[in-house]
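Enquirer: Can you keep this structure in mind? I'll have questions shortly.
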Amino acid sequence: MRRLERPVTLAQIAELLGVRVTRGSQEIRISRLASLESAQPGDLSFLNDSRYGALAGQSCASAVLVTEALAASLPATSQPLIVADPYLAFAKAARWFESQLPGDRGHSGGIHPAATVASGARLGGGVAVGARAVIEDGAEIGEGSAIGPGVVVGAGAIIGPGSRIAANVTIYGDCVIGRAAIIHSGTVIGSDGFGFARESGRWLKIPQLGGVVIGDEVEIGANCAIDRGALDDTVIGDGCKLDNLIQIAHNVRIGAHSALAGCVGVAGSARIGERCMIGGGAGILGHLEICDDVVISAMSLVMSSISKPGFYTGVFPLLENRDWEKSGVLVRQLPQMRQRLRELERLTKENK
Amino acid sequence: MRRLERPVTLAQIAELLGVRVTRGSQEIRISRLASLESAQPGDLSFLNDSRYGALAGQSCASAVLVTEALAASLPATSQPLIVADPYLAFAKAARWFESQLPGDRGHSGGIHPAATVASGARLGGGVAVGARAVIEDGAEIGEGSAIGPGVVVGAGAIIGPGSRIAANVTIYGDCVIGRAAIIHSGTVIGSDGFGFARESGRWLKIPQLGGVVIGDEVEIGANCAIDRGALDDTVIGDGCKLDNLIQIAHNVRIGAHSALAGCVGVAGSARIGERCMIGGGAGILGHLEICDDVVISAMSLVMSSISKPGFYTGVFPLLENRDWEKSGVLVRQLPQMRQRLRELERLTKENK
Amino acid sequence: MRRLERPVTLAQIAELLGVRVTRGSQEIRISRLASLESAQPGDLSFLNDSRYGALAGQSCASAVLVTEALAASLPATSQPLIVADPYLAFAKAARWFESQLPGDRGHSGGIHPAATVASGARLGGGVAVGARAVIEDGAEIGEGSAIGPGVVVGAGAIIGPGSRIAANVTIYGDCVIGRAAIIHSGTVIGSDGFGFARESGRWLKIPQLGGVVIGDEVEIGANCAIDRGALDDTVIGDGCKLDNLIQIAHNVRIGAHSALAGCVGVAGSARIGERCMIGGGAGILGHLEICDDVVISAMSLVMSSISKPGFYTGVFPLLENRDWEKSGVLVRQLPQMRQRLRELERLTKENK
Numbered sequence: 190m191r192r193l194e195r196p197v198t199l200a201q202i203a204e205l206l207g208v209r210v211t212r213g214s215q216e217i218r219i220s221r222l223a224s225l226e227s228a229q230p231g232d233l234s235f236l237n238d239s240r241y242g243a244l245a246g247q248s249c250a251s252a253v254l255v256t257e258a259l260a261a262s263l264p265a266t267s268q269p270l271i272v273a274d275p276y277l278a279f280a281k282a283a284r285w286f287e288s289q290l291p292g293d294r295g296h297s298g299g300i301h302p303a304a305t306v307a308s309g310a311r312l313g314g315g316v317a318v319g320a321r322a323v324i325e326d327g328a329e330i331g332e333g334s335a336i337g338p339g340v341v342v343g344a345g346a347i348i349g350p351g352s353r354i355a356a357n358v359t360i361y362g363d364c365v366i367g368r369a370a371i372i373h374s375g376t377v378i379g380s381d382g383f384g385f386a387r388e389s390g391r392w393l394k395i396p397q398l399g400g401v402v403i404g405d406e407v408e409i410g411a412n413c414a415i416d417r418g419a420l421d422d423t424v425i426g427d428g429c430k431l432d433n434l435i436q437i438a439h440n441v442r443i444g445a446h447s448a449l450a451g452c453v454g455v456a457g458s459a460r461i462g463e464r465c466m467i468g469g470g471a472g473i474l475g476h477l478e479i480c481d482d483v484v485i486s487a488m489s490l491v492m493s494s495i496s497k498p499g500f501y502t503g504v505f506p507l508l509e510n511r512d513w514e515k516s517g518v519l520v521r522q523l524p525q526m527r528q529r530l531r532e533l534e535r536l537t538k539e540n541k
Numbered sequence: 190m191r192r193l194e195r196p197v198t199l200a201q202i203a204e205l206l207g208v209r210v211t212r213g214s215q216e217i218r219i220s221r222l223a224s225l226e227s228a229q230p231g232d233l234s235f236l237n238d239s240r241y242g243a244l245a246g247q248s249c250a251s252a253v254l255v256t257e258a259l260a261a262s263l264p265a266t267s268q269p270l271i272v273a274d275p276y277l278a279f280a281k282a283a284r285w286f287e288s289q290l291p292g293d294r295g296h297s298g299g300i301h302p303a304a305t306v307a308s309g310a311r312l313g314g315g316v317a318v319g320a321r322a323v324i325e326d327g328a329e330i331g332e333g334s335a336i337g338p339g340v341v342v343g344a345g346a347i348i349g350p351g352s353r354i355a356a357n358v359t360i361y362g363d364c365v366i367g368r369a370a371i372i373h374s375g376t377v378i379g380s381d382g383f384g385f386a387r388e389s390g391r392w393l394k395i396p397q398l399g400g401v402v403i404g405d406e407v408e409i410g411a412n413c414a415i416d417r418g419a420l421d422d423t424v425i426g427d428g429c430k431l432d433n434l435i436q437i438a439h440n441v442r443i444g445a446h447s448a449l450a451g452c453v454g455v456a457g458s459a460r461i462g463e464r465c466m467i468g469g470g471a472g473i474l475g476h477l478e479i480c481d482d483v484v485i486s487a488m489s490l491v492m493s494s495i496s497k498p499g500f501y502t503g504v505f506p507l508l509e510n511r512d513w514e515k516s517g518v519l520v521r522q523l524p525q526m527r528q529r530l531r532e533l534e535r536l537t538k539e540n541k
Numbered sequence: 190m191r192r193l194e195r196p197v198t199l200a201q202i203a204e205l206l207g208v209r210v211t212r213g214s215q216e217i218r219i220s221r222l223a224s225l226e227s228a229q230p231g232d233l234s235f236l237n238d239s240r241y242g243a244l245a246g247q248s249c250a251s252a253v254l255v256t257e258a259l260a261a262s263l264p265a266t267s268q269p270l271i272v273a274d275p276y277l278a279f280a281k282a283a284r285w286f287e288s289q290l291p292g293d294r295g296h297s298g299g300i301h302p303a304a305t306v307a308s309g310a311r312l313g314g315g316v317a318v319g320a321r322a323v324i325e326d327g328a329e330i331g332e333g334s335a336i337g338p339g340v341v342v343g344a345g346a347i348i349g350p351g352s353r354i355a356a357n358v359t360i361y362g363d364c365v366i367g368r369a370a371i372i373h374s375g376t377v378i379g380s381d382g383f384g385f386a387r388e389s390g391r392w393l394k395i396p397q398l399g400g401v402v403i404g405d406e407v408e409i410g411a412n413c414a415i416d417r418g419a420l421d422d423t424v425i426g427d428g429c430k431l432d433n434l435i436q437i438a439h440n441v442r443i444g445a446h447s448a449l450a451g452c453v454g455v456a457g458s459a460r461i462g463e464r465c466m467i468g469g470g471a472g473i474l475g476h477l478e479i480c481d482d483v484v485i486s487a488m489s490l491v492m493s494s495i496s497k498p499g500f501y502t503g504v505f506p507l508l509e510n511r512d513w514e515k516s517g518v519l520v521r522q523l524p525q526m527r528q529r530l531r532e533l534e535r536l537t538k539e540n541k
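Protein chains in written order, with the numbering used here: chain A, 190 to 541; chain B, 190 to 541; chain C, 190 to 541.
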């Protein structure tokens with residue numbers, strides 16, 4: 190990242206974070222945030238995990254956001270700034286630094302002359318529309334939102350105020366996106382759900398007549414696909430965060446403040462509760478329900494409803510391939526192994 | 190979904206479906222399709238699965254498509270319309286309702302002035318091309334097809350009549366797509382297959398000189414990637430339905446009327462038969478063959494050819510994480526467990 | 190693929206490959222490359238694998254690149270051209286054939302009048318920019334590179350010379366791509382990493398202030414997502430090859446000449462060594478390290494660092510579903526099975 194043109198003191202950063210500098214100098218000058226590994230003098234870093242203690246010990250950062258417990262890992266040249274949650278403190282510091290950096294040259298604001306905005310579209314004050322974007326009839330873009338180059342906003346779609354839609358996103362007609370959304374490039378919202386009825390070995394398409402409703406302060410990564418509902422809407426609750434390449438099928442409902450890591454697939458009509466965390470590449474089958482506060486490990490498949498908050502995993506452990514060739518075969522033989530165990534138990538009982 | 194401006198009678202819907210109203214009134218007025226949960230008076234719903242019997246019991250739908258066996262689940266206020274296959278009947282009703290609704294405001298037809306159509310491209314009668322679409326030289330678009338905004342159709346590509354290519358789809362040069370295709374936004378057809386030969390630890394690209402041939406009445410979801418063949422074509426048979434975020438590698442061949450759910454990956458030169466159903470997130474390794482009428486469960490990996498129609502699964506079951514930590518370790522120890530079992534069997538035999 | 194207008198002799202191809210025609214005629218005329226299956230007289234094919242021996246025996250190819258050991262599989266009508274590595278020889282032949290075919294009609298060169306190139310962008314000599322592409326302020330495109338239709342190159346991004354960026358790719362601001370890159374349609378480079386800190390059950394976005402640095406001669410398939418770093422850069426080394434629909438999270442570093450098959454997901458801050466091969470759909474968890482020369486099987490999950498080169502697998506084997514229903518249950522019961530085994534061992538020891 191770029192350096193601030195005018196450094197700030199550690200005391201100023203501490204004030205921003207609502208803490209005090211309890212060790213060393215208040216006056217250390219900070220002009221950049223950096224990772225422990227790449228930090229140079231003048232940089233502020235953070236240490237969040239004892240696994241990185243050794244790395245911290247060699248850091249050249251001038252100051253480090255750290256818990257009391259991990260502060261001893263730091264070298265004499267790195268002054269600790271003690272906080273309860275270094276990652277959260279870093280997030281807040283990063284948001285402040287970003288606000289001090291010069292703005293994005295790509296969004297100069299206003300409607301680019303090479304954009305195509307239908308006469309029946311309604312744009313709020315201060316809306317920016319990038320080159321080659323297409324905004325169809327009846328679409329509404331809320332105040333202060335930025336629509337990137339190449340974005341297509343379908344007829345009748347609504348995007349709330351303060352949202353940022355990155356280049357080449359596609360939003361189908363009549364979808365609704367709340368305020369302060371961030372949607373990254375390549376993502377598609379409102380494509381038809383995968384609905385077909387079988388008739389004599391062929392598939393008959395079921396029109397997908399519902400929509401997509403996305404709450405406030407939702408962020409969706411790159412190249413995701415969020416299908417419109419068959420009859421009802423697909424719903425993503427306020428504050429949800431979706432990483433890249435995620436598939437959300439029709440009629441899925443995700444509760445507020447849930448987070449889905451990259452490559453997750455959620456099948457039709459599944460319901461996910463609030464504050465859930467779904468690991469990368471995990472799958473959720475359709476027509477089931479996951480209660481609030483459930484954590485699913487990466488690449489695990491949820492095959493039935495979960496009604497108890499907790500941490501769930503279903504992954505075959507990684508083995509050297511030659512060992513896997515043995516264990517894999519034996520997984521198939523588990524029923525026979527159990528049968529042999531039963532037989533032995535019977536014989537042993539008789540022999541007693 | 191929107192209501193019809195002029196309601197129809199249940200008798201009219203029954204006629205459309207080729208059945209008769211055998212209970213209650215012929216004259217009930219229907220103006221909308223709705224799910225059991227969101228239905229209001231005036232709505233027609235469907236009940237397909239005994240798991241939803243309780244939901245059906247509380248529905249406010251005026252009428253419900255249902256089998257004889259499940260009709261008893263309905264409340265007195267919901268009149269059953271008895272059909273053999275409620276899901277298929279619903280599909281047909283939905284298709285009819287959709288045909289009655291006002292058309293898509295986004296596709297007004299004709300070639301948008303902000304589209305770029307090469308002079309050597311050939312467009313059939315009634316073709317619509319959206320704003321910012323690019324149709325390169327030598328491409329052919331069949332009669333009545335609609336090309337969405339931002340779509341790129343490469344040089345020499347052919348799209349059959351009556352097809353609908355949604356916004357921001359990319360079709361590389363010389364690919365062939367049949368009639369009545371539906372391709373959703375973000376999908377890429379004809380990118381280079383992943384072909385490299387190794388030479389002294391580096392990868393030498395193998396030019397991908399084949400194409401992609403997609404049959405008639407194929408639907409492909411959002412953000413899929415279908416690679417062109419290395420020498421021969423990648424082929425997707427008539428009537429296939431692909432969900433979102435699917436990877437089809439070079440030289441894959443998929444038989445007619447197969448359906449692939451979201452996030453499936455099919456590796457190079459795999460052949461999938463007709464009427465197969467591949468569950469979400471499943472993987473198919475390359476250079477193998479799957480016969481007709483095979484069903485693969487979600488997130489299962491097909492590692493060798495399948496020559497017998499049937500239903501196949503390979504998924505580690507989901508466990509509470511603390512249980513998984515035990516079972517996961519034991520999977521690694523299966524060979525030792527079998528060894529211990531053998532030793533016990535030997536000793537028990539001796540002791541007899 | 191198309192035939193050459195003027196056929197070449199087998200001797201000419203042999204010379205190109207640095208080998209000699211040791212059997213049959215030097216003068217056989219070749220006008221096309223083809224697979225064993227689709228080859229016709231006048232075609233050159235290759236045989237790389239004994240599994241395809243039967244197919245080779247029926248091929249109509251006039252000549253076949255083949256090892257000494259497999260040459261006996263060929264029919265009398267197919268003349269062997271003996272090479273050490275038929276796949277590599279085929280790659281070289283294909284590259285030569287491609288160079289002889291007429292060029293891509295889509296890229297006529299120059300800047301299309303419907304492209305939007307900011308006045309502050311710098312384009313090298315011979316750069317082609319397709320219709321509807323957008324190149325923002327401060328971006329640099331190296332000499333001879335081709336930017337496809339609909340591509341968005343963000344402010345300050347740098348693309349090296351001789352690169353080919355296919356239609357509808359999105360490159361965010363300030364990302365750096367080396368020379369001779371190939372990036373396929375729909376791919377997104379430089380979207381925000383998935384970084385959020387939790388505060389009272391809500392997610393606070395951490396600005397992603399790093400970039401993406403992609404080395405020379407990298408190929409990236411369709412619809413991939415490569416996130417920018419949080420503070421440092423996400424780095425993809427020289428000569429890496431990425432297939433389609435791959436997720437690369439923030440701060441990942443991939444060593445030179447590694448290859449990732451389709452649908453792979455790599456979580457944040459993971460480091461992958463040089464010359465690794467990651468199978469399709471595999472997952473790599475974050476904050477771990479994989480050493481050089483590691484091969485990971487398809488759909489396997491790497492959950493901890495790997496410090497020994499080798500071949501690793503973690504996949505539940507595919508079973509007929511009714512067998513899986515038994516084995517799946519027993520995986521859960523492994524701890525009890527081990528307990529029963531222990532009890533039997535104790536009893537057997539006592540009984541001795």
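A virtual CB, placed ideally from N, CA and C, is assigned to each residue, including glycine.
Note that the structure is a prediction, hence the values are computed from the model and not measured.
Taking three-plus beta-carbon pairs below 8 Å as touching, is the region 261-270 of chain A in contact with the region 235-250 of chain A?
Expert: Touching, yes, given that three or more Cβ pairs across the two stretches are closer than 8 Å.
Enquirer: I'd like to know whether the C-beta atoms of G404 (chain A) and D427 (chain A) end up nearer to each other than 9 Å.
Expert: Position 215 of the first sequence holds residue 404 (chain A). Position 238 of the first sequence holds residue 427 (chain A). A contact, by the Cβ cut-off of 9 Å.
Enquirer: When DSSP builds the beta bridges, which residues end up paired with I495 (chain C)?
Expert: Looking up residue 495 (chain C) in the third sequence gives position 306. I495 (chain C) pairs with C:I479.
Enquirer: So who's on the other strand from W392 (chain C), going by DSSP bridges?
Expert: One-based indexing of the third sequence puts residue 392 (chain C) at position 203. Answer is C:R387, bridged to W392 (chain C).
Enquirer: Using a Cβ-Cβ cut-off of less than 8 Å, give me the residues of the region 337-362 of chain C that come near chain B, in sequence order.
Expert: From the region 337-362 of chain C, only G337, P338, G339, A355, A356 and N357 have a Cβ closer than 8 Å to chain B.
Enquirer: At the level of alpha carbons, what is the spacing between D512 (chain B) and P506 (chain B)?
Expert: The sequence position of residue 512 (chain B) within the second sequence is 323, counting from 1. The sequence position of residue 506 (chain B) within the second sequence is 317, counting from 1. Cα-Cα distance, rounded: 11 Å.
Enquirer: Using DSSP with H/G/I as helix, E/B as strand and the rest coil, what is Q436 (chain B)?
Expert: For the purposes of this step, residue 436 (chain B) is identified with residue 247 of the second sequence, where counting begins at 1. Q436 (chain B) falls in the strand class under three-state DSSP.
Enquirer: With 7 Å as the limit, tell me which residues of the region 458-481 of chain B have their beta carbon closer than that to any beta carbon of chain C; keep them in chain order.
Expert: Of all residues in the region 458-481 of chain B, G472 and L474 have a Cβ within less than 7 Å of some Cβ in chain C.
Enquirer: Can you check whether the C-beta of G451 (chain A) is within less than 9 Å of a C-beta belonging to chain C?
Expert: For the purposes of this step, residue 451 (chain A) is identified with residue 262 of the first sequence, where counting begins at 1. Yes - at least one Cβ of chain C is within 9 Å of the one on G451 (chain A).
Enquirer: Kindly provide the ranges of any beta strand (DSSP E) runs that are 3 or more residues long and lie completely inside the region 356-428 of chain C, ordered along the chain.
Expert: The qualifying runs are 377-380, 385-388, 391-394, 401-403, 414-416 and 423-425.
Enquirer: Sort A:V518, A:R240 and A:G375 by Cα distance to V340 (chain B) and report the nearest one.
Expert: Numbered from its first residue, the second sequence carries residue 340 (chain B) at position 151. The shortest Cα separation from V340 (chain B) among A:V518, A:R240 and A:G375 belongs to A:G375.
Enquirer: Does the distance from the C-beta atom of Q397 (chain C) to that of C452 (chain A) stay below 9 Å?
Expert: Residue 397 (chain C) sits at position 208 when you count from the first residue of the third sequence. Residue 452 (chain A) sits at position 263 when you count from the first residue of the first sequence. Not in contact: Q397 (chain C) and C452 (chain A) (Cβ atoms no closer than 9 Å).
Enquirer: List the whole-angstrom C-beta distance separating I348 (chain A) from Y361 (chain A), where the pair is believed to meet the contact cut-off of C-beta under 8 Å.
Expert: Position 159 of the first sequence, counting from 1, holds the residue named residue 348 (chain A). Position 172 of the first sequence, counting from 1, holds the residue named residue 361 (chain A). Not confirmed; about 13 Å, so no contact.
Enquirer: Give a yes or no on whether the C-beta atoms belonging to S489 (chain B) and G503 (chain B) are separated by under 9 Å.
Expert: Taking the first residue of the second sequence as position 1, residue 489 (chain B) is located at position 300. Taking the first residue of the second sequence as position 1, residue 503 (chain B) is located at position 314. The answer is yes: Cβ separation under 9 Å.
Enquirer: Kindly indicate which residue of A:G299, A:D381 and A:D274 has the alpha-carbon position closest to the one of R387 (chain C).
Expert: Locating residue 387 (chain C) in the third sequence gives position 198, where the first residue counts as 1. R387 (chain C) has its Cα closest to that of A:D274, out of A:G299, A:D381 and A:D274.
Enquirer: If you reduce the DSSP assignment to three classes, tell me which class R240 (chain A) lands in.
Expert: As a first step, residue 240 (chain A) must be located in the first sequence, where it is residue number 51. Here R240 (chain A) sits in helix by DSSP.
Enquirer: Use the C-beta contact count for T266 (chain A): other C-beta atoms within 10 angstroms, 16 or more gives buried, fewer gives exposed.
Expert: Here residue 266 (chain A) refers to the residue found at position 77 when the first sequence is read from its first residue. The residue in question, T266 (chain A), is exposed, as its Cβ has fewer than 16 Cβ neighbours within 10 Å.
Enquirer: Name the one or two DSSP bridge partners that E329 (chain C) has.
Expert: Taking the first residue of the third sequence as 1, we reach residue 329 (chain C) at position 140. Looking at the DSSP assignment, E329 (chain C) forms a beta bridge with C:R311 and C:I347.
Enquirer: Chain C partners of P230 (chain A), CB-CB under 9 Å?
Expert: Your numbering for residue 230 (chain A) matches position 41 in the first sequence. Residues of chain C passing the Cβ test: none, with the nearest at roughly 16 Å.
Enquirer: Could you pull out every residue in the same chain whose Cβ sits closer than 6 Å to the Cβ of R478 (chain C), ignoring the five residues on either side in sequence?
Expert: The residue given as residue 478 (chain C) occupies position 289 in the third sequence. Contrary to the premise, residue 478 (chain C) reads as Glu rather than Arg in this sequence. Cβ neighbours of E478 (chain C) beyond the five flanking positions: R460 and S494.
Enquirer: What distance in whole Å lies between the Cβ atoms of L270 (chain C) and A250 (chain C), which are believed to be in contact at a cut-off of 8 Å?
Expert: Against the third sequence, residue 250 (chain C) aligns to sequence position 61. Against the third sequence, residue 270 (chain C) aligns to sequence position 81. The pair is not a contact, with the Cβ atoms about 11 Å apart (cut-off 8 Å).
Enquirer: Below 8 Å, is the gap between the Cβ of G246 (chain A) and the nearest heavy atom of the ligand NAP?
Expert: By its list of ligands, the structure shown contains no ligand whatsoever, and the ligand NAP lies outside what it can speak to.
Enquirer: Excluding the 5 residues preceding and the 5 following I371 (chain B) in the sequence, name in chain order all residues of the same chain whose CB lies nearer than 6 Å to its CB.
Expert: Within the second sequence, the letter at position 182 stands for residue 371 (chain B). The residues are R353 and E408.
Enquirer: Below 8 Å CB to CB, which residues in the same chain sit around D421 (chain B) once its five sequence neighbours on both sides are set aside?
Expert: Start at 1 with the first residue of the second sequence, and residue 421 (chain B) comes out as number 232. Answer for D421 (chain B): G399 and N440, listed in chain order.
Enquirer: Span of the beta strand (DSSP E) holding I271 (chain B)?
Expert: Residue numbering aside, residue 271 (chain B) sits at position 82 when the second sequence is read from its first letter. Per DSSP, I271 (chain B) belongs to the beta strand (DSSP E) from Q268 to I271.
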